[in-house]
């Protein structure tokens, strides 16, 4: 019977900022490392090549062990649910123990964690990474009555434990560790397996789901040291993440038939207080391309800045870009918002959002849109919402509004004066004619 267990083969050189890359950066040079759940040895290869580390590995899969042996000093094949590590490792002690994406695969991860303090040398540390079950895509999917396991990813069908920031830190404390640092790997929804699920949520609910502190955190990486025996550990600032930082939700709507269907909207999240940031939307593959695209900058009133709008193919091939001119957006369909040129800042527009449903259509040529729905294109919008923007940028907008009001008032005043003159003339004419008639009648009566 063949071994059907999944082989987790990763390449740090092509992953960019991944959980393994973050873990590798936290390992000191020439450290003695135990990689629990080592897979095919990707971390061991990196640490041996760049950090001169001595790495031992442990995995449940013999096929992984055979591949990892090329990069590790020793590789053991163990059932981590049952193994006694001190015996299997013959009393070895390590400067760093790594549990990268392993705890979520164990039915009793606490049993493994209980064994690790004794395996650490003095001053040693534990590095753990887990997927975040509080990711916005999972929450949205669950709220709509689904929870779909997949071959890999956050809902890997071999995961048996689920973690959020707080539950991970709590478990580490309960099993002898004091968390000292938390890092995160964030993934925008347009690059995740969950993005379309958001379209089915009511706008207010969707904004709440996207606005939670760890909504876009795909993975947590925690560094911890053995806790002082007998000392009670309390939650710290590490448990709360970025609470208190306000977010806004941006969306792209697609006009496929006669209206902007909810099911085809894409969503991203921005941070209020970031003066300049880029939000990205992966355009889906559609049988019929959308005829127009509509940007919803934020689902709340306020003042924002707009620098760039790009249609990108693949990784970084720009096939269309907004020219940065106010005139280019002057004729587009927009609702509940206004544009104004930013004073003394060429290429920047100010957007005043008047309520919680502002939008404007993107002036992308139809021939470009016809080719954009093949699953390889995305929209990138560079915008900002500085904390002070609502106060610093309102004066020019209000000045423009005031000038428009003055012009309208002057026009109405001229119209009023004209009507009054006509009325006066009419009244004067009638009064004159009436006076003449009365005069004639009087002369007849008096015989004069």
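Residue numbers (the numbering used here): 1 to 448. Ideal placement from N, C-alpha and C gives every residue a C-beta, glycine not left out. Quick caveat: nothing in here was measured; it's all calculated off a predicted structure.
Terminal residues of the alpha helix (DSSP H) in which residue i lies
i           : result
residue 62  : 62-68
residue 459 : Outside the displayed span of the chain (1 to 448) sits residue 459, for which this structure offers no information.
residue 97  : Here residue 97 belongs to no alpha helix (DSSP H); instead the beta strand (DSSP E) covers 94-100.
residue 384 : Residue 384 -> not in any alpha helix (DSSP H); beta strand (DSSP E) instead, spanning 377-384.
residue 129 : Note, residue 129: premise wrong, no alpha helix (DSSP H); beta strand (DSSP E) at 120-131.
residue 87  : 85-88
residue 36  : Taken as a continuous stretch (DSSP letters only), residue 36 belongs to no alpha helix (DSSP H), being part of the beta strand (DSSP E) at 32-36.
residue 160 : Element bounds for residue 160: n/a, residue is neither H nor E.
residue 208 : 203-211
residue 453 : The structure shown does not extend to residue 453, since the chain spans only 1 to 448, so no value can be given for it.
residue 223 : Residue 223 -> not in any alpha helix (DSSP H); beta strand (DSSP E) instead, spanning 217-226.
residue 141 : 136-143
Proximity below 7 Å, CB of residue i to CB of residue j
i           : j           : result
residue 85  : residue 115 : yes
residue 198 : residue 140 : yes
residue 329 : residue 320 : no
residue 265 : residue 218 : no
residue 275 : residue 386 : yes
residue 125 : residue 225 : yes
residue 302 : residue 376 : no
residue 95  : residue 31  : yes
residue 24  : residue 45  : no
residue 382 : residue 307 : yes
residue 292 : residue 127 : no
residue 223 : residue 180 : yes
residue 29  : residue 51  : yes
residue 106 : residue 175 : no
Limits of the beta strand (DSSP E) - the one that residue i falls within
i           : result
residue 369 : No beta strand (DSSP E) holds residue 369; the alpha helix (DSSP H) holding it covers 366-369.
residue 466 : Any question about residue 466 goes unanswered here, given that the chain covers just 1 to 448.
residue 261 : Neither: residue 261 is in no beta strand (DSSP E) and is coded neither H nor E.
residue 191 : Premise fails: residue 191 is in no beta strand (DSSP E) and is neither H nor E.
residue 110 : No beta strand (DSSP E) holds residue 110; the alpha helix (DSSP H) holding it covers 109-115.
residue 294 : 292-296
residue 309 : 302-313
residue 279 : 277-282
residue 252 : 247-255
CA-to-CA distance, residue j to residue i, given in whole angstroms
i           : j           : result
residue 269 : residue 294 : 16 Å
residue 443 : residue 428 : 23 Å
residue 267 : residue 350 : 21 Å
residue 19  : residue 337 : 41 Å
residue 35  : residue 283 : 39 Å
residue 110 : residue 57  : 20 Å
residue 53  : residue 59  : 19 Å
residue 1   : residue 89  : Note on residue 1: pLDDT 34, under 50, position unreliable in the model; the coordinate value appears next. Each residue's alpha carbon lies about 29 Å from the other.
residue 445 : residue 433 : 19 Å
residue 135 : residue 215 : 5 Å
residue 204 : residue 65  : 49 Å
residue 391 : residue 304 : Since pLDDT at residue 391 reaches only 42, below the 50 mark, its modelled position is unreliable, and the value read off the structure follows with that caveat. Distance between the alpha carbons of residue 391 and residue 304: 11 Å.
residue 246 : residue 384 : 13 Å
residue 436 : residue 331 : 59 Å
residue 340 : residue 300 : 19 Å
residue 379 : residue 309 : 7 Å
residue 209 : residue 190 : 15 Å
residue 359 : residue 374 : 25 Å
residue 318 : residue 327 : 22 Å
residue 211 : residue 104 : 25 Å
residue 133 : residue 108 : 18 Å
residue 322 : residue 343 : 19 Å
residue 207 : residue 370 : 30 Å
residue 185 : residue 404 : 48 Å
residue 253 : residue 348 : 23 Å
residue 39  : residue 63  : 9 Å
residue 278 : residue 366 : 24 Å
Reference residue i; option with closest CA among the options
i           : options            : result
residue 137 : 121, 274, 154      : 154
residue 201 : 279, 365, 122, 143 : 143
residue 460 : 285, 280, 286, 304 : With the chain covering 1 to 448 only, the question about residue 460 has no answer from this structure.
residue 119 : 28, 43, 129, 177   : 177
residue 255 : 63, 43, 333        : 333
residue 122 : 92, 130, 322       : 92
residue 286 : 299, 235, 423, 372 : 372
residue 55  : 76, 404, 61, 62    : 76
residue 74  : 106, 108, 33, 51   : 33
residue 129 : 113, 413, 220      : 220
residue 352 : 206, 366, 239, 297 : 297
residue 272 : 213, 322, 418, 145 : 213
residue 163 : 288, 239, 369      : 239
residue 117 : 43, 131, 227       : 227
Is the segment 256-272 close to the segment 152-162, with three or more CB pairs under 8 Å? Contact between the segment 256-272 and the segment 152-162 is absent, because fewer than three Cβ pairs lie under 8 Å.
Cβ contact (3+ pairs, closer than 8 Å) linking the segment 96-108 and the segment 62-72: Result no; under three Cβ-Cβ pairs closer than 8 Å.
Under 8 Å, with one C-beta from each stretch per pair, do the segment 142-149 and the segment 167-184 reach the 3-pair mark? no
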